[in-house]
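A.B. asks:
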Amino acid sequence: MYIKEVRRLDRVIIRFAGDSGDGMQLTGDRFTAQTASFGNDLATLPNFPAEIRAPAGTLPGVSSYQLHFADHDILTPGDAPDVLVAMNPAALRANIGDLPRGAEVIVNTDEFTGRAIQKAGYAASPLEDGSLDGHRLHPVPLTTLTVEALKDFGLSRKEAERSKNMFALGLLSWMYHRSTEGTEKFLKSKFAKRPDIAAANIAALRAGWNFGETTEDFAVSYEVAPAATAFPAGTYRNVSGNLALSYGLVAASRQADLPLYLGSYPITPASDILHELSRHKNFGVRTFQAEDEIAGIGAALGAAFGGSLAVTTTSGPGVALKSEAIGLAVSLELPLLIVDIQRGGPSTGLPTKTEQADLLQAMYGRNGEAPVPVVAARTPADCFDAAIEAARIALTYRTPVFLLSDGYLANGSEPWRIPEPDELPDLHARFAQGPNHTLEDGTEVFWPYKRDPQTLARPWAIPGTPGLEHRIGGIEKQDGTGNISYDPANHDFMVRTRQAKIDGIDVPDIGVDDPDGARTLVLGWGSTYGPITAAVRRLRAAGEPVAQAHLRHLNPFPRDLGDVLRRYERVVVPEMNLGQLATLIRAKHLVDVRSVTQVNGMPFKAEQLAHTLEAIIRDH
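Numbering-wise (this note's numbering), the sequence shown opens with residue 3 and increments by one.
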């Protein structure tokens, strides 16, 4: 009996690519779930077409899903795939440039017809012209094999062909020793009302596995051991950034003992938060899908006035529409979370691509002096903690707070350790209960803008509470009384007080990872954490001493940031924009930081970033 070789690997990067209707996201998601269950560390990068339904077989219509999994701690979805599964010529053409020599390429030969090859921009079939000679090519008639495997199910050819992604998943599951049990349970649940479709997909999945087991074209399978030492002890699950952020909002509302209210308008890539929170009414969550962005934040601000932990979710174009209402929240001094899942701009820009170019908009995108705290998540799992931190600031200091994520974090996924309830902070907020000020004649009254001396937060008075009636609205208020005031001195005082409240927010000092006494500091924020950390590891392994720090709090900055920056000869700031954090740091701390920027809709590649950083270090 012929026994196939099994090779041990420490890590693998796989990319599934095909038409947006080929089920590549589902295929990648299921392979990821199988890998998470196995215990590998992992990171993913889904990549969607910008058009709702681009013409089939064209480059703009290619959808892909990249997964990096390993037996050790990893930080990014990987730079270059070791394996590409291409369902048609367009998928091959759109992705082949990212593959290193020697990578494995599995192609669905049934789709390599003359018309499809021409539509993808090839002059001749890449399977026959020698252009793939530098790779290990596996031509597989996926469609034909799938249809043959399902011939006894009574499905039309078109219905049977839809299961070819499950055949591919079965083949890759065999190739990397992934259990398909979880996927079979998923298919039974997903198609519970169509058991014939569920059975067909399971049959295709098993046929793909059996094909790998029996065909001579795949002579080797691979094992990647669980990442036993990468994770602290605990219970883990795989989460995307949007899912982790949703869970963080629910956890924050429970820790604050407040109902959670989401006023939102659907927008890519933030809509999944609305979808997820709508499932959790049992936790006191109320979701409102508004008719537009302005109505969404208006409803959320009303909920904040009524005593809820209020949230509005959006992306960059929606933040622009919400700007006046954010300014109103600043004036009213009410807790409100503005979740901005950033995407490529300007205007509608690149809806399905990633960018972190809304920082200056979050900082300054309102009329007048309207300071708002800004918190940024660094990884998909970290979105949970960032949401809780944003809620802490909003509730403690009675202010709207920006929570910045982006498309890379929102759709990417990684293992997340589920925290124990006693690990979460106490976020209970106290509502005003009665009068808080005594007039000269001894009368006790309620002043809505009489502040806590430590936090400068004003009291949170629930409407309908007897004796706590007060004015609201955007016109400037008199200090203390909250009466409408046009007095110049009062306006100057209120503007400076609102700014002082934000400046005085208690945020942790910035942590610096500097094991070697380096002269160069790499400073990042948001989703650049993974690529920066991976690049720094590469530089250190090559003998280059490099320090690293990453900002969660962007307004206000940590109080020790200036001192930290001045300890280093060079400070390099990689960003997926044209240098927005660098601009803020130069203005605030007068440190001439060096910008490394990228705005191509994709995250930094660790190797490329390492080369750039190395050149900067040696240039000095």
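Backbone N, C-alpha and C fix where the C-beta goes; we use that ideal spot for every residue, glycine too.
Could you pull the DSSP bridge partners for L144 from this structure?
C.D. replies: BP columns for L144 are empty, so no partner.
A.B. asks: Can you look up E215 in the DSSP assignment and give me helix, strand or coil?
C.D. replies: helix
A.B. asks: Output the distance between the C-alpha atoms of K190 and V376, rounded to the nearest integer angstrom.
C.D. replies: 43 Å
A.B. asks: Between S175, R95 and N203, which lies nearest to T148 when the distance is taken from Cα to Cα?
C.D. replies: N203
A.B. asks: Please work out which residues of its chain come closer than 8 Å, Cβ to Cβ, to A502, disregarding the five sequence neighbours upstream and downstream, and give them in chain order.
C.D. replies: L458
A.B. asks: Between I343 and A412, is the Cβ-Cβ spacing less than 7 Å?
C.D. replies: yes
A.B. asks: Quick check: the Cα distance between T237 and L553, rounded to an integer number of angstroms?
C.D. replies: 27 Å
A.B. asks: DSSP three-state call for Y399: helix, strand or coil?
C.D. replies: helix
A.B. asks: Secondary structure at E225, three-state DSSP: helix, strand or coil?
C.D. replies: strand
A.B. asks: Enumerate in chain order the residues of its own chain whose CB-to-CB distance from G104 is below 8 Å, with the five nearest sequence positions on each side excluded.
C.D. replies: For G104, same chain residues with a beta-carbon under 8 Å away, outside a window of 5 residues either side, are G136, H137 and R138 in chain order.
A.B. asks: So P576 and L541 are supposed to be a Cβ contact under 8 Å. How far apart are they, rounded?
C.D. replies: That pair is no contact at about 13 Å.
A.B. asks: Do I507 and P560 count as a contact pair if the criterion is CB distance below 7 Å?
C.D. replies: no
A.B. asks: Looking at the structure shown, is L586 part of a helix, part of a strand, or coil, going by DSSP?
C.D. replies: helix
A.B. asks: Where do the ends of the alpha helix (DSSP H) carrying L247 lie?
C.D. replies: According to the DSSP assignment, L247 belongs to the alpha helix (DSSP H) that extends over G243 to A258.
A.B. asks: Which one or two residues does DSSP pair with A551 in a beta bridge?
C.D. replies: Answer by DSSP bridge pairing, in chain order: V514 and L525.
A.B. asks: Are A434 and A463 touching if we call contact CB-CB under 7 Å?
C.D. replies: Against a cut-off of 7 Å, the Cβ pair of A463 and A434 comes out as a contact.
A.B. asks: Please determine, among I98, G581 and S22, the residue with the shortest C-alpha to C-alpha distance to L361.
C.D. replies: G581
A.B. asks: Is L583 buried or exposed, if buried means 16 or more other CB atoms sit within 10 Å of its CB?
C.D. replies: L583 is buried by the Cβ-count criterion.
A.B. asks: Taking Cβ positions, are L429 and A246 nearer each other than 7 Å?
C.D. replies: no
A.B. asks: Taking only the alpha-carbon atoms, compute the straight-line gap between R256 and R596 and give it to the nearest angstrom.
C.D. replies: 42 Å
A.B. asks: If we call anything under 7 Å between Cβ atoms a contact, is V87 one with I108?
C.D. replies: yes
A.B. asks: Helix, strand or coil for M3? Go by DSSP, reduced to three states.
C.D. replies: Confidence is the limiting factor: at M3 the pLDDT is only 49, short of 50, which leaves the residue's position unreliable, though a coordinate-based value still follows. In the structure shown, M3 sits in coil (DSSP, three-state: anything other than H, G, I, E or B).
A.B. asks: Starting from N97, follow the beta strand (DSSP E) in both directions and report where the run begins and ends.
C.D. replies: Per DSSP, N97 belongs to no beta strand (DSSP E); it is in the alpha helix (DSSP H), P91 to N97.
A.B. asks: Is the separation between the beta-carbon of A125 and that of S66 shorter than 7 Å?
C.D. replies: no
A.B. asks: Can you tell me where the alpha helix (DSSP H) holding H277 begins and where it ends?
C.D. replies: S273 to L279
A.B. asks: With a CB to CB cut of under 6 Å and the five nearest residues on each side skipped, what residues in its chain are close to Y410?
C.D. replies: If the five residues before and after Y410 are omitted, its C-beta is found closer than 6 Å to the C-beta atoms of T356, S529 and P605, all from its own chain and listed in chain order.
A.B. asks: With contact counted as at least three CB pairs below 8 Å, one residue from each stretch, are the segment 302-309 and the segment 272-279 in contact?
C.D. replies: no
A.B. asks: To which residues of the same chain is R627 closer than 8 Å at the C-beta, ignoring the five residues directly before and after it?
C.D. replies: The chain is shown from 3 up to 622; residue 627 falls before or after that span and cannot be answered.
A.B. asks: Locate the alpha helix (DSSP H) running through D505, then write down its first and last residues.
C.D. replies: P490 to D505
A.B. asks: What are the start and end residues of each continuous alpha helix (DSSP H) run of 4 or more residues lying completely inside the segment 22-101, in chain order?
C.D. replies: 26-40 and 91-97
A.B. asks: Would H439 be called buried (16 or more neighbouring beta carbons within 10 Å of its own) or exposed?
C.D. replies: That one is exposed.
A.B. asks: May I have the straight-line CA-CA distance separating L567 from Q600, to the nearest angstrom?
C.D. replies: Approximately 23 Å, taken between the alpha carbons.
A.B. asks: Grouping DSSP H, G and I as helix and E and B as strand, with all else coil, what is N579?
C.D. replies: coil
A.B. asks: Tell me which same chain residues have a C-beta within less than 7 Å of the C-beta of E636, skipping the five on either side of it?
C.D. replies: This structure cannot settle anything about residue 636, because the visible part of the chain is limited to 3 through 622.
A.B. asks: Considering just the uninterrupted stretch of the beta strand (DSSP E) at L338, what are its terminal residues?
C.D. replies: L338 to Q344
A.B. asks: Is the beta carbon of F297 less than 7 Å from the beta carbon of A312?
C.D. replies: Contrary to the premise, residue 297 reads as Ala rather than Phe in this sequence. Contact: no.
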